[in-house]
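Residue numbers (our numbering), protein chains in the order written: chain X, 230 to 450; chain L, 230 to 450. Please read the structure below before turning to the comments.
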DNA sequence: ATTTCATGTAAACGGCGTTTACATCAGTCG
DNA sequence: CGACTGATGTAAACGCCGTTTACATGAAAT
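Pasting the structure below:
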């Protein structure tokens, strides 16, 4: 039986009975399909076709469709954590600049890796589907939290807010913007300014509210 | 043929050939099923079973499954707009108290109407699926925007930020919190404080950054 | 009473997720 | 070298879903 090869066929190299690297191929297929049709439209059978194997083959590598989705989410969080850590760069050359880079990196990731971002935040994958998934998600958040720790240390100890709260605030703002306006696609609301500027302004105002910056918060970069 | 009556059967009243109010029944079914299994797990056929009709009957009222979802989202936005408008209450008795109520109402809605909220923001329904849907969503946002308008009028005209930006900021914060921590369900991250307090604190800090409140932003209602 | 139109049913189609029994191959051990 | 074994892929089948088409029912209009 031939399985149609519906959407695309990046498995140009013919192969023997065994694929050799099916698991990786399935992940790439999932990313391509999610990017194309959203996490809901992503289909286990399509991923199999994309990899050039029978519809039952993926079950040798993933318990079910959701397990593949969870694996994509896990890899997404790991990549996300690496990207954020690199952007934060231990707060060099100064905390404010690094914090700004951090936020922009977050939005960049949401925009440039919509498939990962969808799997991570919008696919409804329960975080405790897999301990490794939770762990990866924690380590991504840990970057934000470490940044917040260093930021609040700029404040006088008296009245210093909990760093965890600051991290959660910034995460919420950023995720909110990414989720509501993140992708320039249709289907979402139009904005009077780029999402990056919207985020930068809101973080500046927020930090000013914490007493961390002085200047008046007017427009962008 | 009998269609099983799988999950539950709120169609206790037997009926003749015609249902009489199938459209409403389908919406209620969709809400129940989305609340139970998420917008992805919601099934057109299940909704039909729930209403006690054949799997083809819903097509007399909705073009396809997504049209039903879009209708649920539209009704959600209309209810949302009404709830927010009532909470804002034209800014009575004073703007700060009203603004605080507004944010809490938002979170309340996300928590108490998870089915509506999912259909509105997480089901991937394109806003331009239906002009009425877009309109309803606009009118919900309009409440937030009107509130922001009144708020920024408290500031000296010089350096007054655009109300639209303030509205977008607050919306993003609130949606971010609702989306990341909104429902106390499992499957999501645990919080060191209730979502309502997290939001209240972040809005207070933000407004302080705008120069709209004086006191130091520590916890408490 | 007949017509008409909205609403519901039955049956069918292709696709998907998943399971089960079988096929193929790579490595291991005699 | 050759048989065994475990991992990986296939074929076929099942039930369910979304959707369409032809037909049935009944309420309202004429």
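C-beta atoms are modelled at their ideal positions from N, C-alpha and C, and glycine is treated no differently. No experiment lies behind these values; they were computed from the predicted model shown.
Inter-residue Cα distance where the pair is residue i and residue j
| i | j | result |
| --- | --- | --- |
| residue 372 of chain X | residue 405 of chain L | 18 Å |
| residue 437 of chain L | residue 407 of chain X | 24 Å |
| residue 300 of chain X | residue 250 of chain X | 15 Å |
| residue 447 of chain X | residue 432 of chain X | Only weak support exists for where residue 447 of chain X lies, its pLDDT of 48 falling under 50; the value from the coordinates is given anyway. Cα to Cα, the separation comes out at about 12 Å. |
| residue 451 of chain L | residue 248 of chain L | Chain L is shown only over 230 to 450; residue 451 of chain L falls outside these bounds and no answer can be derived. |
| residue 321 of chain L | residue 285 of chain L | 50 Å |
| residue 271 of chain L | residue 331 of chain L | 30 Å |
| residue 316 of chain L | residue 362 of chain L | 22 Å |
| residue 390 of chain X | residue 384 of chain X | 9 Å |
| residue 442 of chain L | residue 294 of chain X | 50 Å |
| residue 310 of chain X | residue 318 of chain X | 12 Å |
| residue 237 of chain X | residue 386 of chain X | Residue confidence for residue 237 of chain X is low, a pLDDT of 48 falling below 50, so the modelled location carries little weight; the figure read from the coordinates is stated next. Answer to the nearest angstrom: the Cα atoms are 59 Å apart. |
| residue 283 of chain X | residue 422 of chain L | 48 Å |
| residue 290 of chain X | residue 339 of chain L | 37 Å |
| residue 244 of chain L | residue 255 of chain L | 16 Å |
| residue 266 of chain X | residue 346 of chain L | 22 Å |
| residue 357 of chain X | residue 334 of chain X | 26 Å |
| residue 392 of chain L | residue 281 of chain X | 53 Å |
| residue 409 of chain L | residue 376 of chain X | 20 Å |
| residue 388 of chain L | residue 326 of chain L | 24 Å |
| residue 403 of chain L | residue 403 of chain X | 11 Å |
Cβ-Cβ distance between residue i and residue j below 8 Å
| i | j | result |
| --- | --- | --- |
| residue 298 of chain X | residue 369 of chain X | no |
| residue 380 of chain L | residue 328 of chain L | yes |
| residue 276 of chain X | residue 296 of chain X | no |
| residue 428 of chain L | residue 313 of chain L | no |
| residue 268 of chain X | residue 364 of chain X | no |
| residue 344 of chain L | residue 419 of chain L | no |
| residue 424 of chain X | residue 411 of chain X | yes |
| residue 354 of chain X | residue 302 of chain X | yes |
Selected residue, minimal CA-CA separation from residue i, among the options
| i | options | result |
| --- | --- | --- |
| residue 308 of chain X | X/264, X/389, X/341 | X/341 |
| residue 253 of chain X | X/304, X/269, X/264 | X/304 |
| residue 279 of chain L | L/295, L/290, L/261, L/324 | L/261 |
| residue 430 of chain L | X/420, X/417, X/399 | X/399 |
| residue 292 of chain X | X/412, X/359, X/335, X/410 | X/359 |
| residue 324 of chain X | X/378, X/356, X/334 | X/378 |
| residue 417 of chain L | X/417, X/442, X/367, X/375 | X/367 |
| residue 426 of chain X | L/388, L/409, L/397 | L/397 |
Residue-chain proximity (residue i, chain X), Cβ-Cβ < 8 Å
| i | result |
| --- | --- |
| residue 434 of chain L | yes |
| residue 351 of chain L | yes |
| residue 310 of chain L | no |
| residue 394 of chain L | yes |
| residue 446 of chain L | Here residue 446 of chain L scores only 49 on pLDDT, less than 50, and its place in the model should not be relied on; the value that follows carries that caveat. Yes - at least one Cβ of chain X is within 8 Å of the one on residue 446 of chain L. |
| residue 421 of chain L | yes |
| residue 417 of chain L | yes |
| residue 248 of chain L | no |
| residue 427 of chain L | yes |
| residue 405 of chain L | yes |
| residue 269 of chain L | yes |
Assigned exposure category for residue i - 16 Cβ within 10 Å defines buried
| i | result |
| --- | --- |
| residue 401 of chain X | buried |
| residue 435 of chain X | buried |
| residue 287 of chain L | buried |
| residue 450 of chain X | The pLDDT assigned to residue 450 of chain X is 40, lower than 50, so where the model puts this residue is not dependable, and the model offers no usable value. |
| residue 382 of chain L | exposed |
| residue 246 of chain X | exposed |
| residue 235 of chain X | At residue 235 of chain X, the pLDDT of 46 sits below 50, so the modelled position is not reliable; the number obtained from the coordinates is stated separately. It counts as exposed. |
Closer than 7 Å: residue i CB and nearest the ligand COA heavy atom
| i | result |
| --- | --- |
| residue 388 of chain L | The model depicted lacks the ligand COA and carries no ligand whatsoever. |
Residue-level contact to chain L via CB, residue i, 8 Å cutoff
| i | result |
| --- | --- |
| residue 356 of chain X | yes |
| residue 402 of chain X | yes |
| residue 398 of chain X | yes |
| residue 283 of chain X | no |
| residue 176 of chain X | This structure cannot speak to residue 176 of chain X, because chain X is shown only from 230 to 450. |
| residue 430 of chain X | yes |
| residue 382 of chain X | no |
| residue 263 of chain X | no |
| residue 409 of chain X | yes |
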